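The structure appears below as structure tokens.
In the working numbering, the protein residues as written are 263 to 433.
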């Protein structure tokens with residue numbers, strides 16, 4: 263994600279100082295199996311960088327536009343998800359929860375990409391009142407009225423009958 267490297271040299275000279283970053287970000291190629299960010303539709307990043315004694319805290323929001331098929335009616339639907347961002351960049355990260363500062367630059371690209379992927383809906387829904395597929399557009403049956411042919415290897419099972427009056431020998 264180009265354009266998300268931010269210089270923090272001036273910010274870090276004054277612990278407690280804040281810097282606001284608000285911009286549109288390209289999210290092309292961000293997708294999960296059921297939803298994707300539409301090509302050419304930017305997300306919107308609105309974060310505050312705060313200088314800490316040993317790093318930079320990033321907090322704010324990312325708005326992620328998405329589109330995908332509704333899980334009930336299969337029609338194309340879209341929306342915008344808003345995800346909260348909270349990350350800490352450190353000079354010398356001691357665990358995996360902290361990201362590193364590269365010189366006097368932090369790269370928000372991986373943070374934004376991860377947040378965008380996690381914001382996409384796994385099972386998109388066009389509306390809570392969606393009734394499901396239109397039977398005229400997506401017929402439920404085959405429509406020809408013919409029964410499916412039974413595999414001859416399973417034909418012996420057709421002769422089995424359940425008699426509720428007979429006790430189960432396995433009990």
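Glycine included, each C-beta is placed from N, C-alpha and C at the ideal position. Only a predicted model underlies this, so the values are computations on that prediction, with no experimental measurement involved.
Pull up the distance between the alpha-carbon of residue i and that of residue j, whole angstroms please.
i, j, result
"residue 350", "residue 397", "51 angstroms"
"residue 428", "residue 421", "17 angstroms"
"residue 411", "residue 419", "14 angstroms"
"residue 333", "residue 321", "33 angstroms"
"residue 309", "residue 331", "31 angstroms"
"residue 369", "residue 394", "43 angstroms"
"residue 348", "residue 356", "18 angstroms"
Mark residue i as exposed unless 16 or more other C-beta atoms lie within 10 angstroms of its C-beta, in which case mark it buried.
i, result
"residue 282", "exposed"
"residue 381", "buried"
"residue 305", "buried"
Going by DSSP, what residue range makes up the alpha helix (DSSP H) through residue i?
i, result
"residue 372", "371-381"
Would you give the residue range spanned by the beta strand (DSSP E) that residue i belongs to?
i, result
"residue 319", "317-331"
What would DSSP say about residue i, mapped onto helix, strand or coil?
i, result
"residue 272", "helix"
"residue 314", "strand"
"residue 418", "helix"
"residue 290", "coil"
"residue 432", "coil"
"residue 424", "coil"
"residue 362", "strand"
"residue 339", "strand"
"residue 266", "coil"
"residue 305", "strand"
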